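What follows is one structure encoded as structure tokens, with my remarks underneath.
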Amino acid sequence: MTDIAWIHTALSAARPQAVAALLRYFRDLDIAEEAFQEACLRALKSWPKNGPPRDPAAWLIFVGRNAAIDQVRKQSRTTALPDDDKISDLDDAEASMAERLDGSDYRDDVLRLLFVCCHPDLPATQQIALALRIVSGLSVAQIARAFLVSEAAMEQRITRAKAKVGRAGVPFEAPGAVERSERFAAVAAMIYLVFNEGYSAGADEQPARAPLCDEAIRLARLLLRLFPAEPEMMGLLALMLLQHARRAARFDAEGQVVLLEDQDRKLWNGKMIAEGLALIDKALRHRRPGPYQVQAAIAALHARAQRPEDTDWAEIDILYATLEVMQPSPVITLNRSVSTAKLRGPQAALDMIEPLAPKLGGYFNFHGVRGAYLLQLDRKAEAREAFDRAIALARTPAEAAHIRMHLDRLIADSAAPKRAAAQK
Amino acid sequence: MLYTILCYNEEAVTTAWTKEEDDAVMARLGKVQEELRQQGKLGPVARLLPTTAATTLRKSGDQPVVIDGPFAETKEQLLGFYMVDVGSLDEALDIARDLATANPGVGSYEIRPVSIFFQNGT
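Same order as they appear, the protein sequences are chains A and B. Read in order, the letters of the first sequence are residues 1 to 424 in the working numbering. Read in order, the letters of the second sequence are residues 1001 to 1122 in the working numbering.
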């Protein structure tokens, strides 16, 4: 990697910490972002000559803060300076800055920056866009590409979200234990949303959207470094790593979805799986289970199976039962029916999901899964009807194509005997 | 004389490499390893998982305590390392406990899973 490439990676790695600290000083997202921008420009001038500083984040905060104060002073005839107590610690030593960064203030800074993006008034799509812009520093063009909207539309979405956050006011007081854990839960949910935006994309959208998965993993790593004893954050990071590890195997050459059972497990990313398994092992020691840990444990059982037939379906079924208790939801019951089908057959699975029809009737996957069980029970006409419903309800071409694959198999199966008969 | 070479770098940067960047780094390191291997100078090589996967056993009183995360004290120095092949973190922690008991005084034991391992460069 050239020096400039290294600097760019270092700048984007330091961004969440730096912007978070600058937000604490200036209590204004735009000033914090501009200050960081200015610091980056100076880094690009100074680092290639002088070498990168020992602590890039501390350097960027220090330089960014001074640059922004200068800027504010220049405008001071029209704009009041921030109160001294907000920008009071102005001693010049980078070393003391670095020391302070290890403190709890710093951890709460990053948590606050992420939490600002999770404002409950913001719809999920705005939360994600805001986090990607402010915390991750993706350009509006990059985010627009990931969401398949025009740059202008994305610009507007982010501006609106920022205005809403600005009106709501940034929560600056240091959080208490209960607040901190609430912020944590909101931030974890937002990070998983970012991940799923990338993970749920079809094959053709993968190049634009898969980076969202990497970004979510990066954010979870950052939070776990700052809050190393949070088992749910370990669980979330493990879950995302274990899911993302299958990336290369999830689509075939034609871009069709390849089901877990049919995936070439040699294509799974062994390094990511090793990290995910280590993290879930570490999390479970805390004996404070939560939904991310349970989902990660399920993903871990899939990852551990060398072949599909080695999968420990009994354990997976127990974990899904645990998840149903923690987070009662028809979708989780629907997912659980898959392990039930493996253990007790398609009829038991079908009995399990039939009562979900009133709640999940509009969800494509309900009909897709139901169709698969009907097919296994050789109730072909009903299966076909279920698959047709699923296709009609699919939200994306990838979802529809996935169901159509079942349907094609069904048609091929029912066509085969006819051909055989015709040959006689 | 046997030497260990311990590699340090900023994890926030190295974990943010794309797969292509990571592969390129590993390929360049592989060339260095290959040369050493041919000269018969290369011992075990390991790349560790990030510190987010680390757990630390700290012995300060009688009962060692387990802390999530890497070894973070600067007052103590790295004295040695073990590599153990076990089924779980708990088992690795038990071994660290035995070491802590066998060693006099205080001390810390960072347990870090290994991501990539070459025994004598193979």
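Here a beta-carbon is modelled for each residue, glycine too, at the ideal position from N, C-alpha and C. The model shown is predicted, which means the values in this text are computed figures rather than measured ones.
Check	Outcome
Straight-line Cα distance separating M1026 of chain B from A68 of chain A	40 angstroms
CB contact check: G1069 of chain B to chain A, cutoff 9 angstroms	yes
Residue-level contact to chain C via CB, P48 of chain A, 9 angstroms cutoff	Protein chains in the displayed structure are A and B, and chain C is not among them.
Contacts of L237 of chain A in chain B (Cβ-Cβ under 8 angstroms)	T1052
Span of the beta strand (DSSP E), counted from its first residue to its last, around A1046 of chain B	V1045 to L1048
Span of the beta strand (DSSP E) around E1116 of chain B	Sequence check: residue 1116 of chain B is Ile here, not Glu. Looking at the DSSP string, the run of the beta strand (DSSP E) that includes I1116 of chain B is V1114 to F1118.
Proximity to S1115 of chain B [Cα-Cα], best of B:D1068, B:A1054, B:K1041 and B:Q1063	B:A1054
For F172 of chain A, three-class secondary structure by DSSP	coil
Contacting residues, own chain, Cβ-Cβ under 6 angstroms from A18 of chain A (five flanking each side not counted)	F36, A57, L60 and I61
Short-range partners of chain B found in the segment 269–293 of chain A, where Cβ spacing is below 7 angstroms	K271, A274, E275, A278, L279, D281, K282 and R285
Coarse secondary structure for T1074 of chain B, derived from DSSP in three states	coil
Local Cβ density within 10 Å of I4 of chain A, reported as buried at 16 or more and exposed below that	exposed
Beta-carbon proximity check, D109 of chain A vs R225 of chain A, cutoff 9 angstroms	no
Neighbourhood of L319 of chain A by C-beta distance below 7 angstroms, restricted to the same chain and skipping five residues each side	V294, A297 and I298
Proximity winner among B:L1006, B:I1005 and B:E1010, relative to L222 of chain A (alpha-carbon distances)	B:E1010
Own chain partners of A357 of chain A with C-beta closer than 8 angstroms, once the 5 adjacent residues on each side are dropped	F366
Backbone secondary structure at G1107 of chain B - three-state DSSP	strand
Backbone CA spacing between N269 of chain A and E382 of chain A [nearest angstrom]	39 angstroms
Residues that F251 of chain A bridges to, as DSSP identifies them	A:V257
Distance between D55 of chain A and W1077 of chain B (C-alpha atoms, nearest Å)	In the sequence on display, residue 1077 of chain B carries Gln and not Trp. Each residue's alpha carbon lies about 21 angstroms from the other.
Proximity test, P1104 of chain B beta-carbon vs the ligand FAD heavy atom, cut-off 8 angstroms	No copy of the ligand FAD occurs in the structure displayed, which carries no ligand at all.
Spatially closest choice to L241 of chain A from A:F227, A:E261, A:D262 and A:A210, by CA coordinates	A:A210
M234 of chain A classed as buried or exposed, judged by whether at least 16 other C-beta atoms fall within 10 angstroms	buried
Minimum C-alpha distance to I128 of chain A - residue among A:E197, A:Y106, A:L148 and A:V149	A:E197
Under the three-state DSSP convention, the category T1052 of chain B falls into	helix
Secondary structure, alpha helix (DSSP H): runs of 4+ residues fully inside the segment 119–172 of chain A	124–134, 140–147 and 151–168
Same chain only: Cβ atoms within 8 angstroms of L122 of chain A, ignoring 5 sequence neighbours per side	L130, A161, K164 and V165
Validate contact between the segment 279–286 of chain A and the segment 1041–1057 of chain B using beta carbons, cut 8 angstroms, 3 pairs	yes
Through-space distance from L22 of chain A to P65 of chain A, alpha-carbon basis	One detail in the question is off: residue 65 of chain A reads as Arg in this sequence, not Pro. If I take the Cα positions, the gap works out to 7 angstroms.
Local conformation of D92 of chain A per DSSP, three classes	With a pLDDT of 42 at D92 of chain A, under the threshold of 50, the modelled position of this residue cannot be trusted, and the question is left open.
is_contact[L1006 of chain B, chain A] using C-beta, thresh 9 angstroms	no
Any C-beta of chain B under 9 angstroms from that of R265 of chain A	no
Cα-Cα separation, L1089 of chain B to D317 of chain A	24 angstroms
Minimum Cβ-Cβ distance from V1045 of chain B to chain A less than 9 angstroms	no
Candidates A:A372, A:F251, A:K342 and A:R389, of which the one nearest D310 of chain A by Cα	A:K342
Cβ distance (whole Å) where F364 of chain A is taken to contact I403 of chain A below 8 angstroms	7 angstroms
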